[in-house]
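Numbering (full-length UniProt numbering), first residue to last: 1 to 127.
Report on one structure; see the data block that follows.
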């Protein structure tokens, strides 16, 4: 790549893009983004099933609080203190994964709305 004000390679590209934002062309990695969404979705499906199983075990438990904690948030939250917090921990794990999933989903949605670069711009940058 030719020298521009002493800049070469990425420095030259960054300089050009900073002066002409219309040449700010970046790869979107659509396939990887979708693959990531599918992995998180599969993870959430697995976590959902685990939560159902834990909930069911708690309902059948001989421990009276565990039997009803699914219906009472405060009891569920307080379960951390008595060592019967498997369901609560699973819910917190799901919450974290849901946040990651929806952030990735919204990010992919925003990325898919970006305009594709013209052939002229791509060829200009290659030269």
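Virtual Cβ for every residue (Gly too), placed ideally from N, Cα, C.
Quantities reported herein were computed from a predicted structural model and do not represent experimental measurements.
With contacts defined by Cβ atoms closer than 9 Å, residue 28 and residue 112 form a contacting pair. Considered as a whole, the UniProt domain "DUF6594" (10-127) harbours 30-60, 64-68, 73-78, 86-112, 119-126 as its complete alpha helix (DSSP H) runs of no fewer than 4 residues, in chain order.
At the C-beta level, residue 76 and residue 67 stay beyond 9 Å of one another. Between the stretch 115-126 and the stretch 40-52 there are fewer than three inter-stretch CB-CB distances shorter than 8 Å, so the stretches are not counted as touching. A straight-line Cα-Cα distance of about 21 Å links residue 44 and residue 30. Exposed is the label assigned to residue 82, since fewer than 16 other Cβ atoms lie within 10 Å of its Cβ.
In the same chain as residue 15, and ignoring 5 residues on each side of it, the C-beta atoms closer than 6 Å to its own belong to 7, in chain order.
The Cβ atoms of residue 54 and residue 87 lie closer than 9 Å to each other. By the criterion of a C-beta distance shorter than 7 Å, residue 105 is surrounded in its chain by 37, once the five residues flanking it on both sides are discounted.
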